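What follows is a short report on a single structure.
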Amino acid sequence: MTKTLLSIFAIAFSTLVSAQIIGNITDQNNEALPFVNILIENTYKGTTSNDDGYYELNISTPKTYTVVYSYLGYKTLKKEVTIAEFPYQLDVTLTEESVSLSEVLIDSEIDPAIAIMRKAIAQRKANLEKTNSYKADFYSRGLIRIKDAPEKLLGQEIGDLGGGLDSTRSGIIYLSETISKIQFLSPDKLKEKITASKVSGNDNGFSFNAAMDVDFNFYNNTIDFGNEIISPIANNAFGYYRYKLDGIFYDDRGNLINKIKVIPKRKNDPVFSGFIYIVEDQWDIYALELDLTGTQARIPVVDIISLKQSFSYSEADDIWAKISQSIDFKFGMMGIKGNGRYTAVYSNYEFNTGLTREDFSRELVAFEKEANKKDSLFWNTIRPVPLTLEERTDYVKKDSLQTLRESKPYLDSLDRANNKFKLGNLMGYTYQNSHKDYSLGFDIPLIGGVQFNTVQGYAVNANVFYTKNYDDFKRFFRANGTIQYGFSDERLRATGSLTYKFNSITNSFLSLSGGVSAEQFNPSNPISSLINSVSTLFFEDNYIKLYDKSYVALNYSEELFNGFRLYTGLSYERRKALFNTTDQTFINEDNDAYTSNNPLDETAFGVAPFETHNIVKGNIDVRINFGQEYLSYPDAKYNVSNDDYPTLYLGYEKGFGATNTDYNFDQIKASLRQSFNIKDKGKFMYNLKAGKFFNADDIAFVDYQHFNGNQTHVSTDGNYTNVFNNLDYYAASTNDAYFEGHVEHDFNGFLLGKVPLLNKLNFNLVIGAHLLATPDFKPYQEYSVGLDNIGWGKWRLLRVDYLRSYQGGFQSDAIVFGLKFF
Numbered sequence: 001m002t003k004t005l006l007s008i009f010a011i012a013f014s015t016l017v018s019a020q021i022i023g024n025i026t027d028q029n030n031e032a033l034p035f036v037n038i039l040i041e042n043t044y045k046g047t048t049s050n051d052d053g054y055y056e057l058n059i060s061t062p063k064t065y066t067v068v069y070s071y072l073g074y075k076t077l078k079k080e081v082t083i084a085e086f087p088y089q090l091d092v093t094l095t096e097e098s099v100s101l102s103e104v105l106i107d108s109e110i111d112p113a114i115a116i117m118r119k120a121i122a123q124r125k126a127n128l129e130k131t132n133s134y135k136a137d138f139y140s141r142g143l144i145r146i147k148d149a150p151e152k153l154l155g156q157e158i159g160d161l162g163g164g165l166d167s168t169r170s171g172i173i174y175l176s177e178t179i180s181k182i183q184f185l186s187p188d189k190l191k192e193k194i195t196a197s198k199v200s201g202n203d204n205g206f207s208f209n210a211a212m213d214v215d216f217n218f219y220n221n222t223i224d225f226g227n228e229i230i231s232p233i234a235n236n237a238f239g240y241y242r243y244k245l246d247g248i249f250y251d252d253r254g255n256l257i258n259k260i261k262v263i264p265k266r267k268n269d270p271v272f273s274g275f276i277y278i279v280e281d282q283w284d285i286y287a288l289e290l291d292l293t294g295t296q297a298r299i300p301v302v303d304i305i306s307l308k309q310s311f312s313y314s315e316a317d318d319i320w321a322k323i324s325q326s327i328d329f330k331f332g333m334m335g336i337k338g339n340g341r342y343t344a345v346y347s348n349y350e351f352n353t354g355l356t357r358e359d360f361s362r363e364l365v366a367f368e369k370e371a372n373k374k375d376s377l378f379w380n381t382i383r384p385v386p387l388t389l390e391e392r393t394d395y396v397k398k399d400s401l402q403t404l405r406e407s408k409p410y411l412d413s414l415d416r417a418n419n420k421f422k423l424g425n426l427m428g429y430t431y432q433n434s435h436k437d438y439s440l441g442f443d444i445p446l447i448g449g450v451q452f453n454t455v456q457g458y459a460v461n462a463n464v465f466y467t468k469n470y471d472d473f474k475r476f477f478r479a480n481g482t483i484q485y486g487f488s489d490e491r492l493r494a495t496g497s498l499t500y501k502f503n504s505i506t507n508s509f510l511s512l513s514g515g516v517s518a519e520q521f522n523p524s525n526p527i528s529s530l531i532n533s534v535s536t537l538f539f540e541d542n543y544i545k546l547y548d549k550s551y552v553a554l555n556y557s558e559e560l561f562n563g564f565r566l567y568t569g570l571s572y573e574r575r576k577a578l579f580n581t582t583d584q585t586f587i588n589e590d591n592d593a594y595t596s597n598n599p600l601d602e603t604a605f606g607v608a609p610f611e612t613h614n615i616v617k618g619n620i621d622v623r624i625n626f627g628q629e630y631l632s633y634p635d636a637k638y639n640v641s642n643d644d645y646p647t648l649y650l651g652y653e654k655g656f657g658a659t660n661t662d663y664n665f666d667q668i669k670a671s672l673r674q675s676f677n678i679k680d681k682g683k684f685m686y687n688l689k690a691g692k693f694f695n696a697d698d699i700a701f702v703d704y705q706h707f708n709g710n711q712t713h714v715s716t717d718g719n720y721t722n723v724f725n726n727l728d729y730y731a732a733s734t735n736d737a738y739f740e741g742h743v744e745h746d747f748n749g750f751l752l753g754k755v756p757l758l759n760k761l762n763f764n765l766v767i768g769a770h771l772l773a774t775p776d777f778k779p780y781q782e783y784s785v786g787l788d789n790i791g792w793g794k795w796r797l798l799r800v801d802y803l804r805s806y807q808g809g810f811q812s813d814a815i816v817f818g819l820k821f822f
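Position 685 of the sequence shown, counting from 1, maps to 685 under this note's numbering, and the rest follow consecutively.
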């Protein structure tokens, strides 16, 4: 305890002596004022006060300065000070601003806010285009707390979350800071160079607080905030908001500021509520105080998000620039509740500096090599927003815990306790050596571990595994094995794999696998073992069709250059037909019966769909993510999807050396897919596939191109652009040319949100169309209309679709239930 107190005192003292202008900001009741903006007049050099009202403003040389203190709801205060030596103590008290309506002539029919907002909307694009480019310094701090956390979640021990939870199961679980240089080019190019990164309790970690994640520009029509949220000054804002003038006041430059209350017309629309401050005559944004619910953002775990932005005017550039932003949020789900804040400070702007597109690449964020190695002295000197006592304590506590918990004696003692075998470990056990960073064990999955099909009867799976990590997971070795026993066919099958990851930059993997398994004819496994077990035992519908595969395979994948990933594989396989061995069912209907295991003819019991054979198969595939952006860490690269561009897959597969030469073949294939938001109109998705076989007239049915059908009326993978939900599983399989296309649009509340009564349910309307064509299969189409986001509160797990299928005319219709938690 004494050591901790001394450490906190040392940090506080080093902060004091390294600061330049320091002080406390309070109101007239001597209450601390957090998030006050402090600037040197006529510059963008500044800071904000922390939650305790304390601030530090770093300046270069002793001389006379005018320090400006601004805070929404309070009068802007200017202090001229002549500084001879540092540190310079400057405490201030802010007085409340008089926000009045007395000077405004209010018409009983039309609120003055209507005219003000119409002018702000009309000027939106011009104000947006004032900033063609800029450079700036950026600081961000993120903090997440948990309160009254449960001991277990879904039966698993939570622990203390890295030392974040105290005896009351409450505390900070994430605290991190970044210092960076950012560059922006209109309309959407943003590049960040992080020079310093600090994570509480992890001296080798990198912060997730990037500028791109909090780049919220309300001069755009929509703001990407989990969902595309309508700006209060969007072109179509009057379709979503009502406005009320709450009052007016004058800033320190004599500008009249209109405080406008923003009121959603429909509470479940993707909109904000709160206040927006508009500068009279200029019609710029002076500040924002807006709230957003988790429902509106389509982030179920979140209760409320509160966003504040403050702007400062530059006479030289005629720009109101964002100087600070805070995002406060509350969340809760499955017994876990918490809150947090992300604070951002922008300073030292340089506007319209001549940046061009050549100054930007696909690299969005780059970390300097030693960014996470800065010491406390550095942070105490450069940090623009002082730490609170709670934050200082957390750093000290977790840094001490990290030293302890990375020590070999502690890790060994922890492993001794965790490695004890208990009765509850009969379904799964892990032995771990934390110091050497390896683990091994076994598990028998409760879901999918026991299944039923007409080939194997009841089948039980058990998995064994070994994992060894290197360089903080940047490299690893994995060994996995699965043992499966079918009680009806009395067959033990086993498979295993060895995988090595070489690095986290090109993310190259090499794997060797092999064994004996019962495989679905469609390698996409369109029927889950759980769904098939239920449909077989309860409805006598044995949709799953299996064959026996003995194999050994070698696979390698690597990103050769940004956006271009290569996959290669070579395998030797022995394939053998399987047959039904059981007719057990829970409900035996007189007019229903099991079908054979032959997907070519479900009435052909005992007839094999192909002859037993051996074959060698090779494949080369590439994935091209057009416009792929990425984050650069010193020893890792993390790709970021770019919705503006599609992803293209190209592949070549060859079967050769078959014991039956008719089974040799060649296939080329391609697919193009994309998913993107259409502003406030929802999300559009498409997936187009095509391919062609060569020399494949008499190949084994195993190697046909199979299409994902669905006959169970239940969808479990959540991907509706890769399945025909009213098509037999193998009716359209082909060894010739093929094309399939899927399109879907999720209106995300755009339509139903405007229908009275229905908008209270918060459902999403989804429409889709699906096409399949082969030379031997008449063009097949499906059309669907559905409701998504069905449920209550935060538990919205269900989607329901109505489908109609056509093939040379109407074929049938169906209702499909989608379960998101599968």
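Glycine residues also receive a C-beta, built at the ideal position from the N, C-alpha and C atoms. Note that the coordinates shown come from a computational prediction; the quantities given were computed from them, not determined experimentally.
Relative to SER200, the option among ALA732, LYS374, ASP27 whose CA is nearest is LYS374. Restricting attention to ILE179, GLU129, SER70, the CA atom closest to the CA of PRO187 is found in GLU129. In chain order, LEU292, PHE329 place their CB closer than 6 Å to the CB of ILE305, counting only its own chain and leaving out the 5 sequence neighbours on each side. Minimum Cα-Cα distance from PHE351 among the listed residues ILE182, GLN711, GLU611 corresponds to ILE182.
Beta-bridge partners assigned by DSSP to ILE146: GLY171, GLY338. Exposed is the label assigned to VAL755, since fewer than 16 other Cβ atoms lie within 10 Å of its Cβ. With respect to the 7 Å criterion, VAL464 and VAL450 are not classified as neighbours on the basis of their beta carbons.
No residue range can be given for PHE521, since it is assigned to no beta strand (DSSP E) and is classified by DSSP as neither H nor E.
Under the DSSP assignment, GLU744 falls in the beta strand (DSSP E) whose first and last residues are 738–746. A straight-line Cα-Cα distance of about 26 Å links ALA120 and LYS135. Around the C-beta of TRP792, fewer than 16 other C-beta atoms lie within 10 Å, and the residue is accordingly described as exposed.
For ILE678, the closest alpha carbon among the candidates ASN687, ASP541, LEU492, GLY749 is that of GLY749. Annotation: the continuous beta strand (DSSP E) that includes LEU307 extends over 302–314. For LEU33, the closest of LEU94, THR82, LEU57, THR43 by C-alpha to C-alpha distance is LEU94.
DSSP places GLU129 in the uninterrupted alpha helix (DSSP H) bounded by 112–129. In this structure, DSSP gives LYS408 a helical state, which the three-state scheme calls helix.
A distance below 7 Å between beta-carbons, with the five flanking residues on each side excluded, links ASP592 to the following residues of its chain, in chain order: GLU540. When secondary structure is reduced to three states using DSSP, GLY449 falls in the coil class, being assigned neither helix nor strand.
Scanning its chain for C-beta atoms nearer than 6 Å, with the 5 sequence neighbours on each side dropped, one finds around TYR500 the residues PHE477, LEU510, in chain order.
In chain order, ASN204 place their CB closer than 8 Å to the CB of ASP472, counting only its own chain and leaving out the 5 sequence neighbours on each side. The residues TYR630, LEU631, in chain order, have a CB closer than 8 Å to that of TYR638 in the same chain once the five nearest residues on each side in sequence are set aside. Between the alpha carbons of THR568 and SER413 lies a distance of about 44 Å.
Distance from the CA of GLU192 to the CA of GLU368, rounded to the nearest whole angstrom, comes to 11 Å. Nearest C-alpha to ASP27 among ASP52, TYR470, PHE206: ASP52. In terms of Cβ geometry, THR393 and ASN50 do not form a close pair [threshold 7 Å]. Between GLY741 and ALA670, the alpha-carbon positions lie close to 12 Å from each other. The criterion of a C-beta distance shorter than 7 Å is not satisfied by ASN258 and ILE114. In its chain, beyond the 5 residues on either side, GLN309, ALA344 have a beta carbon closer than 6 Å to the beta carbon of GLN325. The residue from ASP359, VAL723, TYR219, ASP662 with its alpha-carbon nearest to that of LEU288 is TYR219. Bounds of any alpha helix (DSSP H) do not take in SER361, whose DSSP letter is neither H nor E. For VAL766, the three-state secondary structure derived from DSSP is strand. If you keep only unbroken beta strand (DSSP E) runs of at least 3 residues inside the region 596–654, you get 613–625, 629–633, 636–640. Burial state of PRO599 is buried, judged by a 10 Å Cβ sphere holding 16 or more other Cβ atoms. Secondary structure at TRP792: strand, using DSSP grouped into helix, strand and coil.
Shown here, GLN781 sits in a strand according to DSSP, grouped into three states.
Here the alpha carbon of VAL607 sits roughly 38 Å from the alpha carbon of PHE442.
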